[in-house]
Structure formats: structure tokens, C-alpha cells
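Q: I have a structure here, written as C-alpha cells, and I will follow up with some questions on it.
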Amino acid sequence: MLYRTASQFKTSYHADHALFPVRQDAWLLGIILIFAYAIIPMTASEFTFNALLIPVLIYALAALGLNILTGYAGQLSLGTGAFMGVGAYACFKIITAFPDLNIVVAIALSGFFSAAVGVAFGLPSLRIKGFYLAITTLAAQFFLVWLFEKWGWLYNYSSSGAIQVPNIEMFGIIVAGPNASSVTQYYFVLAVVTAVTWLAINITRGRIGRIWKSVRDMDIAAELVGINLMKAKLSAFAISSYIVGVAGALFVFLWRGAAEPNLFDIPLSFRVLFIAIIGGLGSILGNYLGAILIVALPVVLGTLPGMLGIPIQSATVEHLNVMIVGATIILFLIVEPHGLARFWQIIREKLIMWPFPH
Amino acid sequence: MEFLNSILIKPFQDMVAAPDFLLQVLWEGLVAGVLYALIALGFVLIYKSSRIFNFAQGIMVVFAALTLVGLHEKGVPALLAVPLTLVVMFLLAVAIERVVLRPLVNQPDIILFMATIGITLFLVGFGELIFGGENKVMITEQLGIPTGSLTFEPFGGFVSIEQKDLTAVIGAVVLVAVLLVFLNKSKMGRAIRALGDDHQAALSVGISLSTIWILVWFIAGIIALATGIVWGARAGVSFALEVIAYKALPVLMLGGLESVLGAIIGGLAIGILEKLFEIYWGQPLMGGNTETWFAFVFALIVLLFRPQGLFGERIIERV
Amino acid sequence: MKRLMKTALLATTIAAGAAFAGAAYAQDSVLLPNLSYRTGPFAATGTPLMNGQRDYMTMLNERDGGANGVILNYQECETGYNTEKGVECYEKTKAEGAIVTQPWSTGITLQVLPKSNVDSMPILAPGYGFSAMQDGKVFKWAFNPPASYWDGASMILQNISDGNLDNLKGKKIALLHLDHPFGKEPIPLLETLAKKHGFTLLPIPVGLKEMQNQSAQWLQIRRERPDFVVMWGWGAMNAGAITEAVKTKYPMNQFVGIWWSGLDADLKLVGDAGKGYRTLSWSYPNNESKVMKDIKQLVVDAGKSMLNTSTGEFDWVFYQRGVLISAMLAEGVKEAQKHFNTKVVDREQLRWGLENLDFSEAKIKELGLDGMIPPFKTTCGNHTGHSGAWMLEWDGTKFVKASDVLQADRAEIDALVAEKAKEYADANQPWPMNDECKL
Chain E
17 MLYRTASQFK
27 TSYHADHALF
37 PVRQDAWLLG
47 IILIFAYAII
57 PMTASEFTFN
67 ALLIPVLIYA
77 LAALGLNILT
87 GYAGQLSLGT
97 GAFMGVGAYA
107 CFKIITAFPD
117 LNIVVAIALS
127 GFFSAAVGVA
137 FGLPSLRIKG
147 FYLAITTLAA
157 QFFLVWLFEK
167 WGWLYNYSSS
177 GAIQVPNIEM
187 FGIIVAGPNA
197 SSVTQYYFVL
207 AVVTAVTWLA
217 INITRGRIGR
227 IWKSVRDMDI
237 AAELVGINLM
247 KAKLSAFAIS
257 SYIVGVAGAL
267 FVFLWRGAAE
277 PNLFDIPLSF
287 RVLFIAIIGG
297 LGSILGNYLG
307 AILIVALPVV
317 LGTLPGMLGI
327 PIQSATVEHL
337 NVMIVGATII
347 LFLIVEPHGL
357 ARFWQIIREK
367 LIMWPFPH
Chain L
317 MEFLNSILIK
327 PFQDMVAAPD
337 FLLQVLWEGL
347 VAGVLYALIA
357 LGFVLIYKSS
367 RIFNFAQGIM
377 VVFAALTLVG
387 LHEKGVPALL
397 AVPLTLVVMF
407 LLAVAIERVV
417 LRPLVNQPDI
427 ILFMATIGIT
437 LFLVGFGELI
447 FGGENKVMIT
457 EQLGIPTGSL
467 TFEPFGGFVS
477 IEQKDLTAVI
487 GAVVLVAVLL
497 VFLNKSKMGR
507 AIRALGDDHQ
517 AALSVGISLS
527 TIWILVWFIA
537 GIIALATGIV
547 WGARAGVSFA
557 LEVIAYKALP
567 VLMLGGLESV
577 LGAIIGGLAI
587 GILEKLFEIY
597 WGQPLMGGNT
607 ETWFAFVFAL
617 IVLLFRPQGL
627 FGERIIERV
Chain Y
71 MKRLMKTALL
81 ATTIAAGAAF
91 AGAAYAQDSV
101 LLPNLSYRTG
111 PFAATGTPLM
121 NGQRDYMTML
131 NERDGGANGV
141 ILNYQECETG
151 YNTEKGVECY
161 EKTKAEGAIV
171 TQPWSTGITL
181 QVLPKSNVDS
191 MPILAPGYGF
201 SAMQDGKVFK
211 WAFNPPASYW
221 DGASMILQNI
231 SDGNLDNLKG
241 KKIALLHLDH
251 PFGKEPIPLL
261 ETLAKKHGFT
271 LLPIPVGLKE
281 MQNQSAQWLQ
291 IRRERPDFVV
301 MWGWGAMNAG
311 AITEAVKTKY
321 PMNQFVGIWW
331 SGLDADLKLV
341 GDAGKGYRTL
351 SWSYPNNESK
361 VMKDIKQLVV
371 DAGKSMLNTS
381 TGEFDWVFYQ
391 RGVLISAMLA
401 EGVKEAQKHF
411 NTKVVDREQL
421 RWGLENLDFS
431 EAKIKELGLD
441 GMIPPFKTTC
451 GNHTGHSGAW
461 MLEWDGTKFV
471 KASDVLQADR
481 AEIDALVAEK
491 AKEYADANQP
501 WPMNDECKL
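Right, dumping it as C-alpha cells:
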């Protein structure tokens, strides 16, 4: 009933290509946005902000970047963590070199650095394919993390080798650094994530997105119909790395507050990859669902025994936690290899039909 | 000029100046290479028979070693603990086949790859829960592995060879030889290779898919145990061992995903080259620790010229 | 899917309810969480320390009913030495009403350090963290008693130079360190001292992925032939280094580690071959002390400990060091109770307590910790206290004392502390200073 699409007919191609051909989708999105912008910030505690909301958004953004590369353009990447690192270190250098620069500009600029690095490591994709391509991004992963460790200029030769986020003001409000309040940071991240998502939706359903999908489905066939493979693959690497770089800058500046090189090591890459795959490759919505599952599940599992008053050692909880996350990943892959996004699609189709079974 | 000299000439001068040291470096590289090759071998077997890129091989090494040591701690005699560990590895193989592989038949490669990472996480948690996270001592002596070291004195210097490393190398050679004979001569071995070539054709001539999968994962488990004993004897058994799994990836890519020979040669080559590079170029010129990435960058460069790896099957694309 | 949502909602509601219930009965106790690491590659070092910390608190609760009748609620939040988990644990324990945080890893310490000012949360980092934390005027909320890494570096150099650093002139000292903020900590001081006393410092980093396979590092040591190897290792790195040292035939009496590189289990791996290896330590096990006897009786024998009795962990340096760490914290609580004449202390009061720790000879005796720690005293300007430390030597089966209490070269360190503390404050403007402190 609620999702009935009858009586919504289109009279022009333009209307049929609109972002929300079905009215209910737009309403649903509106409700989610109201929740994200108004209701959640009013009710959430500081722990919820720092351990759940902000990381979910940032991880979802990183997964979105990866999804463009892997889900839309079909190029497997295991180096997301390192590209996030490039964004973070670039942002750190920009902020420390020009302390008066607006942080939004700094974050936007830092994305270009990771885009450039992404394109450089994307070049071999023109020759190497499939699992073999994973090696190029792995090379990037290990080489870049090593570079973060060794190249003192990147962390301003600080003796600990770590980078620290200073207090940064924007229009008189402290948005980053130790004195920033979680609510401000949440809104900042939410705004960036909303903007980038809106952009990504439009890129992926436009011309470039369709080119990427054709390359993903079969690159030789795509080449035969006149698609420039080099342009298609490299543009995917560039845009994907840009988004990942922005996510990396947010990761350190708006959430962690400090970072050491091994933060960007391969576990981070795998984490983002999990989110993209569990959420659903080739879907924008999936990144959010995946991030909610992968980021929130361990946090909730970790707090559960304490809250329920079950006397259990925190180390044991952690062990069980790792096991459960591993098992959940396998379970979801078995139950729905196309990810959580497909779940929503199925539900939506059912809702459109409802209450009639056929 | 100075710079070129330090890259192109100086390292070789150093090598000639201290030949005993060079020999030691080569030996260390060789031992590491043997271990990489062993892990890569486990990967290749599974990939050949089921097209699964098994990331869990690294954690299986740790798990096998921990089970062995854990059983011994519980009072099981060492020589009984080995077969018992093999039983555990067999059960693990059956469980993986039943719970993970069977429901995921015919899924895209990346999904299976992710599933093996899921297995890795699960085994990390499970292993730590049962055996605890602390560093354990491998029961080297109880297994009858000699622990002393042999010292040679060529060129007026010295080269020291650990007997357990020597045992490791010999053991690995024997293991690989047995494996090659098994794969090429026995009925089961031929079935594994047939499955690797064409699933459906293999099924149609009566080869049982699930039996072969269990068998292959079990063989990978045996290799994991061998690797675990050898590596554990060098550095103790703990979950930090898991990271060596990453090293097997470039080895595989370099050798070619389907080639047993490629895994061995790739492993040895990467083991030796990364050690040479680290000692003669990495440490003096780049601040050290280049071993973390050298293997990957090297494999990448090779792949640019041979996209299927050194011994991989030529990739033929059809539209 | 719908059912899943329902279950999730239900779980959250129950959880929230339980949290309220939890707050209600926590009246007469103080929450003293520990960001533990019993999992991951560093678990080997962490587990005995955590066991010691836990058992001392349990013992106090059993024997004295806590601190002056207030239960010391010791809780662990597992980080696996992972910074991300660490920050999560910090936030979580803060929300639960913790009055202190014990971050353990230098990486986590660096992350929570700026937050501690805003949240008014005392950081207790005994023997680790950031050496410049000594300056209490800059780092109002952070404490690293009884000795900092720079103290340690200075004491090691004094010991290997037989008391006069000029003896090191022309010598080569390799610093084998974990490539991590923790391992890089001593470098600024060692560099200064190298310049001043004319020895060569050769830092040899060990990556987190190479901890168990240090053959490249030890080949380098063999090639460079340093006169001494000083190790800043943690977790699996120690065992790796000691086995490689034996293999390379590096003379053990020229190999010295910082206090975190003295885990009995690591040396047991090599046994007799490790004879002569030395480690600096500000703690020394003493099973005959009253505290250890009480722990044995009330906690271990009563089955309330997580100790691994089969390995003889009770006698280890690290286990008993964990006991001392908790003793410092408990004393901080008691000092605060006395000064503010209250039972349940809050964060601000505990901060005062930690700032006025006085482990004098008499106090150590009174607490029943005889011979386990050298005396030290913190003040508002000095958050370290500088106990000094002993050099311990491995005799093939256990560590024995190999020196009297060593003292660090204060002049060199204090200058560097002032410089680095100022640097830190400047880089993090606006940074609140503790101006009330006149010392």
C-alpha cells in the first residue's frame, strides 16, 4: 500500500531519468536525512558519536570510494588503507603549512594527492587483470605505509613519527582537534558525506558510470564498442582514490585526532573492503548498510556483556567478537553474496507488490 | 655520480669485500624463501583445484603450530601430538568444505576470497580463545629436530648455519618431492589436477568434488603444520606469525597462480632477493625495513612484463 | 530483515536498561579501567602485566575491602594494542564513569593526551607513554611514574659506560627498536648524548611485520659490529631479537634492553644461551614481601586470579611489575581520599592524588612492597618522580639484580623535557597550562 507505484506515470524521458522515479523513495530518503540531521544528534551520547556515528559515516565514505573502483569499474583494490593515509598526510601537510586555510578547502585539496597516487598505481591495471591486479594495490599498500614511516618530512620530523591534529577553527567554531565537540564533528562529517554521496550517485548513473560498468562486465567487449579503456580505468582510479583520500583526511582530522603510520596498514584496507562487499558491490546504499554492520557490530558486541551484567573477561569478549565478525562475514556471503543492498531491493519489490502476492 | 656509485657499484664492492657475509645473507634469504614457498604451495594447491584464493593459509600455519604446542602442553607426547594435530587439521578441512565452500560454489572469485578472510578472522578469535595469545615455544627438541648450529669458516670469515634451518630446508625439499609425486603419479593427484583444469569435465568422469576439496584443504593443512613447525622453531609460536601470509601473495603472483613449480621458484627468488636488497641497498640507502614492500614491488614489475606470472597459464581472453 | 531489526531494537533497550541498573549499585566504588591487551601480537608482554594489575586490586578488595571502604572496581577493556580500539575503549570507559585511564600503548597515549585536558581525565602511564609528560605544568593530566623512557636511556648508557659517558667516545651503539612511536621515544635523547659524548648512534628499526623475523636487522648488526646493542622492544619482538642474537653469536653481555624487554618467557626461549643479557627495570620481584604473600593467599590460591600457574608466572618480573602499577594507582586514590576527606574520589581529586604520590622507603615498607621498587615522589611539576632503576641480568633461569639503583642524568633530560613539552604545547594551541603549580 505504502509503496504503491501505480498512478505515478512519466510523460517525458527527462522525468523517467530523474533521481527518484518513484515518489516513495524520495520520501524515505527525506525521513532518513531528517533523522541523520536532526533527531540523532539530539539524542546521541558522546560515546555514540565517537564510537558509532562518526566512524560509520567515515567508513561508509571510504567504502563508497572503493566501491566505485571495485563495484562499478571492476578493478580489485587491496590498498584502500594506504590511499586513506595519503589523504590524511596530505591534509596534515597542508594544514601545518597554511594554518589559516579553511579546513574544507584543505580536505578537498588533499583528495587530489591521493587521486594522483591512485592513478599512478592504477596504470598497471591496463596490463594486469583479476587477482594479479591485487598485487599492484598491495604494492601501494605496503610501500606507502613504509614511506609514511620513513619520510620524516611528512610528519614534520616529530620524534614519535605520529601526526597530531591541532585545534582548527571554521567561522569561529572549533571543528577539529581535541577541543572540538563531537556534535560539531558529526555535522561536519555528515555534510561532507552527504555532498560526496550526492556527487557519486550522479557520476555513477551518468555517462562515466555506464562506461565503468561496461568495462567491469567485459573490458574487451567495451573496447570493441569504442570505449577508451585507459581513460575509463584511470578515471575510476582517480575518482575512487579522491573519495578515499577525503575519507582518510576526515578519518584522522574529524575523528581520530592523531595517527601513526601503521594505522593505515592492511587491516584497514580489509575492513573497508568488507564493508563494500557485505554492503553490496555496485551499490551506493550498500556502503552505508555495510558500514553500520561492520563498524557497529563489534562495538555493540563489546558493550553488551557489560551492560547485561554477564561476568566475562574483556579479552574473551574480544576473542568472541573477532570470531563472530568472521562468522558473520561468511554468513552474509552465503546468504546474500550481492550484499545488504540486495536485501533492501528485495524488500522494496515486495513492498511495491504488497498486499497482493503477484 | 656519487649517487649512481652508491646504487650501482658500492653494493657489489661490499659483496666482494666480505664474501662470508654475503654467503650468510644468501643462506638467510634461502631459508626465508623456503618458508615463503611452503606457504605459497598451500595457496597454489587450493587455487588449482577450486579457484579459491585462500587467504586463510597464513592463519592455518599459526593454528596448526598452536594446536601442536597446545596439545604438548596438555601432556600429550610430542610424537603423538603430530598425528593428533593432523586429525585436527583434517576436521578443519571438513568443516571448511561443509560450512563455507559448499554453499559458495560458483560464486565470483572475490566473494570466495572474502570468505577465506572471514575464515581467517574466525580462526584468529577461536585460536586465541583456546590457546591464549602469549608467545609459545615450539617443541623443537621433543620432535627430534637438532638445535645446534654449524659454523663454517670460508674466506677467513664465518658462516653460521642453524641446524634447525638446515632441517627445515631438507624437510621442505622432501615434502615438495612427495607432493609432486603424489600429484603426478597417484590417482587422487591426477583427480586434483583434472579438477583444476575443468570442473564439469572432471565431475562428469566421476570425480567427487567434495572429497577432492577436503583432500586438498587437508594437504594444505599438512603443509601448514610443516611450515608452522619450521617457522615456530625460529621465532616462537604466536599470532604475529600470521603476517607471513601476506608475503605469500607476491610469491604466488610472481610464480603464477596455478604453478607448483612457480610457487617454489617464486618463493626462493623473493626470499633471496629481498634479503640482498635490504642488506645492500635498503639499509645503507633507504633507512631499512624494505622487506615489507620489496616482494610486492618486485612482483609488480615482473607482472608488467608477464601478466600471468613466470609460470602461470597464459591468460586467453575471448569475447 | 524485519525480525532482525526488532531484535536489534530489543537488545538496545535491554542494554540501556542494564546500564542504568549498573549505575545504581556503583555507589561506593571507583571505576579504575585498564585498556588491556591480552590479544594480538603484543599479548605476550601484556598478559602477565594485566594479571598483576588485576590481582593487586582484587587483593585490596579482599583484604581491606578496597581503599578505606571504597571498592576499587578494576575493569579491563581489551584493545589488542590497537589504537582504534584504544580510543573506543577510552570513550566507553569515560562514559561509564571512569576516573582514570591507563592507555598502555604510546600510540593510544598520544591520542588520548589532548583529550584528557578537555575531559579532565587523568592518564596513568607507568613507565611508558611520552617522556615529556614529566613536565606537569604542561601535561596537567598525564602521569608516567616512576621513570620515563629518557630516564631509562640515560641509565642504560651510564651502566654500559661504567658510570662515565665519556668512556663511550668512539664507540658504536645500535638502538634496535620497534618502528612505532614507542620505539622512537629514546631517539631524541640518545642523539643529543651521542653528539655530546662522541659516540655513534645507529638506530635499527624493526617493523611491526618483522618482529618475528629479524634476520635482516641482525645481519646488519653483524656487519656494523656495534659495541653495544640497546633494545626498545615490546611483545613478540623481544623473543625474536633474543633468539636472533643467540644465532648471530652476538655477545650477550653487550646486549641491553629497556624494562619492557625483560619478559621471563622471552628469555626462557633461549635458556642458557641468553646468559648475560641485561634489562633495566624499576621493579624487582620479591615473593617474600607482604603484598605478594597476600596476593598468593587471597587471590591466587583462592582461584581468583587469571594467572598461568604452570609457567611460574607468579615469579616473573612483569607480573610483579603489574602489581606495582596497581599499587601506585591505589595509593593515588588513597592520597586523594585523605586530602579531600572524602570516600568516593572524582577525576580532579585523583589527579591531585597522583600528583602527590610519595613512595618513600618507609611507605614502601608500610605497603608491604619491600625491595620491589626504588623510592620516588611525584609533585605537580614532576609527574614522573624518577625512581631510578636496577640493571637485571639473566642467569639462565631467572633475572637477578646486577647493579645498585641507577639514577638518570637529570640535567640533560630536564632540558630536553622542557623543550619537547613546549614544542608539544605550541603545536596544539590553545593548550591549557597548569599555572597553579609553582614548583
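Chains as they are written, first to last, in the working numbering: chain E, 17 to 374; chain L, 317 to 635; chain Y, 71 to 509.
Virtual Cβ for every residue (Gly too), placed ideally from N, Cα, C.
1) Relative to the alpha-carbon of residue 225(Y), which residue among 463(Y), 458(Y) and 320(Y) has its alpha-carbon at the smallest distance?
2) Can you look up residue 490(L) in the DSSP assignment and give me helix, strand or coil?
3) Please name the residue in 156(E), 352(E) and 276(E) whose C-alpha comes closest to that of residue 98(E).
4) Between 378(Y), 498(Y), 437(Y) and 167(Y), which has its C-alpha nearest residue 122(Y)'s C-alpha?
5) Find the nearest neighbour of residue 200(Y) within the set 217(Y), 187(Y) and 189(Y), judged by alpha-carbon distance.
6) Nearest CA to the CA of residue 505(Y): which residue from 110(Y), 294(Y), 451(Y) and 489(Y)?
7) Are the C-beta of residue 108(E) and some C-beta of chain Y separated by less than 8 angstroms?
8) Is residue 201(E) closer than 8 angstroms to residue 50(E) when the C-beta atoms are compared?
9) Taking only beta-carbon atoms, is residue 324(Y) less than 8 angstroms away from chain L?
10) Apart from the five residues on each side of it in sequence, which residues of its chain come closer than 8 angstroms, Cβ to Cβ, to residue 595(L)?
11) Quick check on this structure: which residue in 604(L), 603(L), 562(L) and 328(L) has the alpha carbon closest to the alpha carbon of residue 151(E)?
12) Under a Cβ-count criterion, where at least 16 other Cβ atoms within 10 Å of its own Cβ denotes burial, should residue 369(E) be classed as buried or exposed?
13) Can you tell me whether residue 361(E) is helix, strand or coil according to DSSP?
14) Pull the bridge partners of residue 171(Y) from the DSSP assignment, please.
15) In terms of DSSP beta bridges, what is residue 428(Y) paired with?
16) Are residue 313(Y) and residue 278(Y) close, meaning C-beta to C-beta below 8 angstroms?
17) Pick out whichever of 168(E), 346(E), 35(E) and 24(E) has its Cα sitting closest to the Cα of residue 276(E).
18) With a threshold of 8 angstroms, are at least 3 pairs of Cβ atoms found where one atom belongs to the stretch 617 to 627 of chain L and the other to the stretch 378 to 391 of chain L?
19) Quick check on DSSP: helix, strand or coil for residue 272(E)?
20) Whose CA, out of 325(E), 165(E) and 110(E), lies closest to the CA of residue 276(Y)?
21) With three or more C-beta pairs closer than 8 angstroms as the rule, is the stretch 124 to 133 of chain Y touching the stretch 436 to 454 of chain Y?
22) Along the stretch 246 to 258 of chain Y, where does the CB come closer than 8 angstroms to a CB of chain E? Name the residues.
23) Tell me whether residue 214(Y) is buried or exposed, calling it buried when 16 or more other Cβ atoms sit within 10 Å of its Cβ.
24) Suppose the cutoff is 7 angstroms on Cβ atoms and the five residues either side in sequence are ignored; what does the same chain contact list for residue 229(E) look like?
25) Show which residues of chain B have a CB atom less than 7 angstroms away from the CB atom of residue 340(L).
26) Along the chain, where does the alpha helix (DSSP H) containing residue 202(E) start, and where does it finish?
27) Can you pull out the residues from the stretch 443 to 477 of chain L whose beta carbon lies closer than 7 angstroms to at least one beta carbon of chain E?
28) How many angstroms separate the CA atom of residue 428(Y) from the CA atom of residue 284(Y)?
29) Hey, residue 245(Y) and residue 259(Y) are a contact pair by Cβ (cut 8 angstroms); roughly how many whole angstroms apart?
30) Give, in chain order, every residue of the stretch 375 to 395 of chain L whose Cβ lies closer than 7 angstroms to some Cβ of chain Y.
31) Using C-beta distances below 8 angstroms, list every residue in its chain close to residue 356(E), excluding the 5 sequence neighbours before and after it, in chain order.
32) At the level of alpha carbons, what is the spacing between residue 424(Y) and residue 417(Y)?
33) Using a C-beta cutoff of 8 angstroms, does residue 567(L) count as contacting chain Y?
34) Check whether the stretch 237 to 257 of chain E touches the stretch 33 to 47 of chain E, taking contact to mean three or more Cβ pairs, one atom from each stretch, closer than 8 angstroms.
35) Output the distance between the C-alpha atoms of residue 464(L) and residue 457(L), rounded to the nearest integer angstrom.
36) Rounding to the nearest angstrom, what Cα-Cα distance links residue 478(Y) and residue 105(E) in this structure?
A: Well, looking at it:
1) Closest option to residue 225(Y), Cα to Cα, is 458(Y).
2) Here residue 490(L) sits in helix by DSSP.
3) Residue 98(E) has its Cα closest to that of 156(E), out of 156(E), 352(E) and 276(E).
4) With respect to the C-alpha of residue 122(Y), the residue from 378(Y), 498(Y), 437(Y) and 167(Y) having the closest C-alpha is 378(Y).
5) For the residues 217(Y), 187(Y) and 189(Y), the minimum Cα distance to residue 200(Y) belongs to 217(Y).
6) That would be 451(Y), whose Cα lies nearest to the Cα of residue 505(Y).
7) By this cut-off, residue 108(E) is not an interface position.
8) In terms of Cβ geometry, residue 50(E) and residue 201(E) do not form a close pair [threshold 8 angstroms].
9) Chain L contact via Cβ: absent.
10) Cβ within range, chain order: 341.
11) A check of alpha carbon separations from residue 151(E) across 604(L), 603(L), 562(L) and 328(L) identifies 562(L) as the nearest.
12) Residue burial is scored here from C-beta neighbours: residue 369(E) has fewer than 16 other C-beta atoms within 10 angstroms and is therefore classed as exposed.
13) Correct three-state label for residue 361(E): helix.
14) For residue 171(Y), which the question treats as bridged, DSSP gives the partners 193(Y).
15) Answer by DSSP bridge pairing, in chain order: 447(Y).
16) Result no, Cβ atoms of residue 313(Y) and residue 278(Y) do not sit closer than 8 angstroms.
17) Among 168(E), 346(E), 35(E) and 24(E), the Cα nearest to that of residue 276(E) is on 168(E).
18) Fewer than three beta-carbon pairs drawn from the stretch 617 to 627 of chain L and the stretch 378 to 391 of chain L are found closer than 8 angstroms, and the two stretches are therefore not classed as touching.
19) Note: residue 272(E) maps to helix in three-state DSSP.
20) That would be 165(E), whose Cα lies nearest to the Cα of residue 276(Y).
21) No contact exists between the stretch 436 to 454 of chain Y and the stretch 124 to 133 of chain Y.
22) If the cut-off is 8 angstroms between Cβ atoms, the stretch 246 to 258 of chain Y has 249, 250, 251, 254, 255, 257 and 258 near chain E.
23) Buried, by the Cβ-count rule.
24) Here the set comprises 88.
25) Here chain B cannot be found, since the structure's protein chains are E, L and Y.
26) It spans 198 to 221 - the alpha helix (DSSP H) in which residue 202(E) sits, taken as one unbroken run.
27) Under the 7 angstroms Cβ criterion, the stretch 443 to 477 of chain L contributes 444 and 445.
28) Taking the straight line joining both Cα atoms gives about 42 angstroms.
29) Contact between residue 245(Y) and residue 259(Y) is absent: CB atoms are separated by about 11 angstroms, not below the 8 angstroms threshold.
30) Within the stretch 375 to 395 of chain L, no residue has a Cβ that lies closer than 7 angstroms to any Cβ of chain Y.
31) Taken in chain order, the residues that qualify are 294, 295, 296, 302, 305, 306, 309 and 348.
32) Just so you know, the alpha carbons of residue 424(Y) and residue 417(Y) end up roughly 10 angstroms apart.
33) Against chain Y, the CB of residue 567(L) has no partner CB under 8 angstroms away; the residue lies outside that interface.
34) Counting C-beta pairs with one atom in each stretch, the stretch 237 to 257 of chain E and the stretch 33 to 47 of chain E have fewer than three that are closer than 8 angstroms, which means they do not touch.
35) Cα to Cα, residue 464(L) sits roughly 10 angstroms from residue 457(L).
36) If you take the alpha carbons of residue 478(Y) and residue 105(E), they lie about 36 angstroms apart.
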